[in-house]
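Chemist: The following block contains the structure, expressed as structure tokens.
Structure follows, in structure tokens:
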């Protein structure tokens, strides 16, 4: 689900489309803290020229709490998917967060081999997926 630091204030509409239209290879520098994904390769990804009071790069903001695990931070030009041992706050924008029913997949990919493809969902769809996940989980007990 999108947010909290997204279009139009932090990332352009073209930038958000880029995140959802492409697959991103998991980099070898990934670990239990975060999946570092391949760099962003478009020029007009960011909606602002710099980070203002947060720093010189447009991905910088004043420190805030991250919705994690599963938050997709943008650190410089690198998307970073925060995992279970990741930081709980910091100064990078958070484009979106993986929905709760899909968190089990986080940590299943192999760095250097696998890629991740993101899909944008509405709040309503995320709640439907959570209900289905809970029902299938309970059926296995």
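Residue numbers (my numbering): 39 to 179.
Beta carbons: idealized from backbone N, C-alpha and C, even for Gly.
With a 10 Å radius around its C-beta and 16 neighbouring C-beta atoms as the bar for buried, classify residue 44 as buried or exposed.
Modeler: Position 6 of the chain shown holds residue 44. Result: buried.
Chemist: Please list the terminal residues of the continuous beta strand (DSSP E) segment that includes residue 101.
Modeler: Taking the chain shown and counting its residues from 1, one reaches residue 101 at position 63. From DSSP, the beta strand (DSSP E) with residue 101 extends over 98–103.
Chemist: Considering only residues of the stretch 103–173, which uninterrupted beta strand (DSSP E) runs meet the minimum length of 3 residues and lie entirely inside it, listed in chain order?
Modeler: As far as the stretch 103–173 is concerned, its whole beta strand (DSSP E) runs of at least 3 residues are 109–113, 116–120, 127–135 and 153–155.
Chemist: Can you give me the C-alpha to C-alpha distance between residue 159 and residue 98, rounded to a whole angstrom?
Modeler: For the purposes of this step, residue 159 is taken as residue 121 along the chain shown, with counting starting at 1. For the purposes of this step, residue 98 is taken as residue 60 along the chain shown, with counting starting at 1. For residue 159 and residue 98, the distance between alpha carbons rounds to 25 Å.
Chemist: Determine the direct distance from the alpha carbon of residue 176 to that of residue 102, and round the result to whole angstroms.
Modeler: Locating residue 102 in the chain shown gives position 64, where the first residue counts as 1. Locating residue 176 in the chain shown gives position 138, where the first residue counts as 1. So the two alpha carbons sit approximately 35 Å from each other.
Chemist: Anyone know if the C-beta pair for residue 119 and residue 73 falls short of 9 Å?
Modeler: Indexing the chain shown from 1 puts residue 119 at position 81. Indexing the chain shown from 1 puts residue 73 at position 35. In contact: residue 119 and residue 73 (Cβ atoms closer than 9 Å).
Chemist: Can you name the residues that DSSP bridges to residue 40?
Modeler: Translated into positions along the chain shown, residue 40 becomes position 2. DSSP output for residue 40 lists 134 as bridge partner(s).
Chemist: If the criterion is Cβ atoms closer than 9 Å, does the pair residue 64 and residue 152 meet it?
Modeler: As a working mapping, residue 64 is identified with position 26 in the chain shown. As a working mapping, residue 152 is identified with position 114 in the chain shown. The answer is yes: Cβ separation under 9 Å.
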